[in-house]
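Visitor: Each residue of the sequence shown is one higher than the one before, starting from 233 at the first, in our numbering.
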Amino acid sequence: MIPWKRLSHLFFLFGAAVLGGALNAVAGGGSFVGFPSLLFTGLPPIQANATNTIALWPGSLASVGAYWRELAQQKRGFLLLLVGSSLVGGMLGSLLLLRTPQETLFNLIPYLLLGTTVLFACRTLLTTRLRWLVRENKPPSVPTLAGGALAQLAIALYGGYFGGGLGILLLAILAIMGMENVHQMNSLKTLLTSCINGVAVVTFLCAGTIAWPQAIVMISGAILGGYGGAFYGRKIEQRWVRLLVILVGFSLTLYFFVLQKVRG
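(1) Hey, is the segment 336 to 351 in contact with the segment 430 to 450, meaning 3+ C-beta pairs nearer than 8 Å?
(2) Confirm, please, whether the CB-CB distance from Ile451 to Pro290 is below 8 Å.
(3) How many Å lie between Ser295 and Ser483 at the Cα?
(4) Any idea what DSSP makes of Ala443, helix, strand or coil?
(5) Report, in whole angstroms, the separation of the C-beta atoms of Gly395 and Ser269, which I expect to be a contact under 8 Å.
(6) Using the Cβ count rule (16 or more neighbours within 10 Å means buried), how would you classify Tyr390?
(7) Which residue's Cα is closest to the Cα of Leu415: Gln306, Ala254, Ser317, Gly247?
(8) Could you spell out where the alpha helix (DSSP H) holding Asn339 opens and where it closes?
(9) Taking buried to mean at least 16 other C-beta atoms within 10 Å of its own C-beta, is Val431 buried or exposed?
(10) Out of Ile278, Thr283, Ser240, Gly321, point me to the one whose CA is closest to Leu329's CA.
(11) For Tyr393, is the classification buried or exposed, using 16 other Cβ atoms within 10 angstroms of its Cβ as the cut-off for buried?
(12) Please classify Phe488 as buried or exposed, where buried requires at least 16 other C-beta atoms within 10 Å of its C-beta.
(13) Check the C-beta distance from Leu423 over to Leu303 and give it rounded, since I have them as a contact under 8 Å.
(14) Assign Ala298 to buried or exposed, taking buried as 16 or more other Cβ atoms, counted over all protein chains shown, within 10 Å of its Cβ.
(15) Which residue's Cα is closest to the Cα of Cys354: Gly322, Gly397, Val320?
(16) Is Leu239 buried or exposed, if buried means 16 or more other CB atoms sit within 10 Å of its CB?
(17) What distance in whole Å lies between the Cβ atoms of Thr285 and Val433, which are believed to be in contact at a cut-off of 8 Å?
(18) Please classify Gln334 as buried or exposed, where buried requires at least 16 neighbouring CB atoms within 10 angstroms.
(19) Nearest CA to the CA of Thr441: which residue from Leu313, Asn256, Thr332, Val265?
(20) Kindly provide the ranges of any beta strand (DSSP E) runs that are 3 or more residues long and lie completely inside the segment 386 to 435, ordered along the chain.
(21) Assign Arg474 to one of two classes, buried (16 or more other C-beta atoms within 10 Å of its C-beta) or exposed (fewer than that).
Set out below in structure tokens:
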């Protein structure tokens with residue numbers, strides 16, 4: 233790749249990371265921007281996924297400190313159960329990704345994007361339904377917690393493999409396990425996301441699958457976008473941001489389905 237073209241790609245990725253960081257700060261859905269942007273610049277799917285993971289990880293890790301008070305209120309055994317499931321599942325998912333052929337992952341991209349977009353679009357309905365179930369149920373029993381841990385293991389495996397819509401799935405599992413306090417749920421979601429992405433980052437580092445120039449540029453952009461999104465997000469109605477995320481998600485899904493068809 234000639235230097236000016238590589239430089240233009242880095243500028244493009246920086247802008248995409250700023251937008252993705254801003255979306256994450258306001259309504260979520262930043263992965264709809266980061267991962268496809270890396271693919272557009274020519275990075276293979278596995279390297280693009282690994283690089284996008286490390287680009288998003290510092291932001292989620294930094295958010296854990298903001299929720300330290302809520303996390304301290306959780307029972308230690310409950311935390312260890314979920315964190316352990318997250319670490320094991322995240323490692324298995326990242327190892328599975330590394331063993332997936334590039335062409336297979338490319339063929340899965342439109343379906344992964346479609347599923348994530350539908351999940352994002354329906355998250356309000358899903359959350360409302362789960363809150364109704366929580367009100368009707370008693371506090372979670374031991375079998376419920378065990379089932380939740382297994383479900384968390386499966387979600388973490390998915391998160392280590394791809395990760396789009398991970399936060400929505402985590403909130404759903406926490407609601408099923410009987411949690412109602414939104415701040416405590418968000419604190420646990422942030423912690424578990426950091427664990428899943430963190431162990432995936434370690435796996436990708438050991439495998440040497442991260443494109444560092446792109447990762448550094450995207451981390452910088454995501455930090456800037458996250459700060460700007462948090463600052464200006466109060467002035468924008470979230471429904472319009474969510475609509476933008478959904479439109480981007482469905483547009484990218486259609487693009488990759490068409491590209492897959494053209495490639496034969």
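Positions of the beta carbon are idealized from the N, C-alpha and C atoms, including for glycine.
Guide: The short version:
(1) Contact fails: fewer than three Cβ-Cβ distances are below 8 Å.
(2) Contact: yes.
(3) Distance from the CA atom of Ser295 to the CA atom of Ser483, rounded to whole angstroms, is 30 Å.
(4) For Ala443, the three-state secondary structure derived from DSSP is coil.
(5) With a Cβ gap of about 15 Å, Gly395 and Ser269 do not count as contacting.
(6) Counting C-beta atoms within 10 angstroms of its own C-beta, Tyr390 has 16 or more neighbours from the protein chains shown and is therefore classed as buried.
(7) Reading off the sequence shown, one finds His at residue 415, where the question assumed Leu. Comparing C-alpha distances from His415 to each of Gln306, Ala254, Ser317, Gly247 shows the shortest one belongs to Gln306.
(8) First-last of the alpha helix (DSSP H) with Asn339: 334 to 353.
(9) By the neighbour-count criterion, in which a residue is buried when 16 or more other Cβ atoms sit within 10 angstroms of its Cβ, Val431 is buried.
(10) In terms of CA proximity to Leu329, Ile278 leads the group Ile278, Thr283, Ser240, Gly321.
(11) Counting Cβ neighbours within 10 Å, Tyr393 comes out buried, since at least 16 surround it.
(12) Counting C-beta atoms within 10 angstroms of its own C-beta, Phe488 has 16 or more neighbours from the protein chains shown and is therefore classed as buried.
(13) Yes, they are in contact, since the Cβ atoms of Leu423 and Leu303 sit about 6 Å apart, within 8 Å.
(14) It counts as exposed.
(15) For Cys354, the closest C-alpha among the options Gly322, Gly397, Val320 is that of Gly397.
(16) Exposed: under 16 other Cβ atoms inside 10 Å.
(17) Right, their Cβ atoms sit about 6 Å apart.
(18) With fewer than 16 other Cβ atoms inside 10 Å of its own Cβ, Gln334 counts as exposed.
(19) With distances taken between Cα atoms, Thr441 lies closest to Thr332.
(20) Secondary structure in the segment 386 to 435: no beta strand (DSSP E) run of 3 residues or longer lies completely within the stretch.
(21) Here Arg474 is buried. Its C-beta has 16 or more other C-beta atoms within 10 Å.
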